[in-house]
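Mapping the sequence shown onto the UniProt record's numbering, position 48 (from 1) lands on 48, and the numbers just tick up by one.
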Amino acid sequence: MRIIIFGPPGAGKGTQASLISEEYDIPHLSTGNIFRSAIKNKTELGKEVKAILDAGDLVPDEKVVDLVEEELKNDKYEDGYILDGFPRTVVQAKAFDDLLKKNGETLTAFLQLQVPEQELIERILSRGEGRSDDTRDGVKKRLKVYREETEPVLEYYGEKGAVHKVDGTGSIEDIFNRITTILPDN
Numbered sequence: 001m002r003i004i005i006f007g008p009p010g011a012g013k014g015t016q017a018s019l020i021s022e023e024y025d026i027p028h029l030s031t032g033n034i035f036r037s038a039i040k041n042k043t044e045l046g047k048e049v050k051a052i053l054d055a056g057d058l059v060p061d062e063k064v065v066d067l068v069e070e071e072l073k074n075d076k077y078e079d080g081y082i083l084d085g086f087p088r089t090v091v092q093a094k095a096f097d098d099l100l101k102k103n104g105e106t107l108t109a110f111l112q113l114q115v116p117e118q119e120l121i122e123r124i125l126s127r128g129e130g131r132s133d134d135t136r137d138g139v140k141k142r143l144k145v146y147r148e149e150t151e152p153v154l155e156y157y158g159e160k161g162a163v164h165k166v167d168g169t170g171s172i173e174d175i176f177n178r179i180t181t182i183l184p185d186n
């Protein structure tokens, strides 16, 4: 299975991706986790990414695509994966489609977690990740960037008929149960 989990910041992508990874025995590839690790370890990529994220902006497409493509060469992704935080732009989505085609693979599902904006803001402010932009204004800026730069990916995959909308409200278990009704049996 090759799955994309999609939604705005605070929608629960990472939480649900981890559950899907465990249930279906596929690795969870989070660009956010890769970037956070680089920032924590103060690598060149980490320093560059930190400055971009601290400004509330997105990491450039080419850098993200190269990172994901390199990571997917690892044998552990051979039988599938769940992508979290990628693709974030239509350019990234098209590059990912090209990669799938090149490898003779197809996308199993594009899961869109839908959560009202006020709930997203409250979730982000309460989870305490310690990001420098975890303020009400910072979160609103991230949601604005999401709407302008990332939401068009939804339309791109919608035109392909690949989008499965998932109510992202309620308990973690309720949301996960909604997802498992969409995915093929493992």
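Where is the CB? At the ideal position from N, CA and C, for every residue including glycine. Note that the structure is a prediction, hence the values are computed from the model and not measured.
DSSP places A109 within a strand segment (E or B) once states are collapsed to three. In this structure, DSSP gives S30 an extended state, which the three-state scheme calls strand.
Taking 8 Å as the cut-off, the Cβ atoms of D133 and R142 count as close. In this structure, DSSP gives R127 a helical state, which the three-state scheme calls helix.
Taking C-alpha positions only, P9 is separated from E48 by approximately 21 Å. Apart from sequence neighbours up to five positions away, the residues of its chain that approach D61 with a beta-carbon distance below 6 Å are T89, V91 and Q92, ordered along the chain. If you ignore the 5 residues before and after F35, its C-beta comes within less than 6 Å of the C-beta of V49, all in its own chain and listed in chain order. Pairing V65 with H164, the inter-Cα distance amounts to about 23 Å.
Of the residues assessed, S30 falls on the buried side of the cut-off, its CB having 16 or more other CB atoms within 10 angstroms. Taken through DSSP and simplified to helix, strand or coil, V59 comes out as coil.
By the neighbour-count criterion, in which a residue is buried when 16 or more other Cβ atoms sit within 10 angstroms of its Cβ, I182 is exposed.
Within the DSSP secondary-structure output, F6 pairs in a beta bridge with Q112.
Within 10 angstroms of the beta-carbon of S21 lie 16 or more other beta-carbons, which makes it buried. Pairing F86 with V115 gives a Cβ-Cβ distance that is not under 8 Å. In the structure shown, L83 falls within a strand segment according to DSSP collapsed to helix, strand and coil. The beta carbon of T15 is closer than 7 Å to those of I172 in its chain, skipping five residues each way along the sequence. Sequence-distant Cβ neighbours of K40 in its own chain, meaning closer than 8 Å and more than five residues away, are G46. Across the structure, K76 and R2 are spaced so that their CA atoms are roughly 13 Å apart. Going by DSSP, K50 is part of the alpha helix (DSSP H) stretching over E44 to D54.
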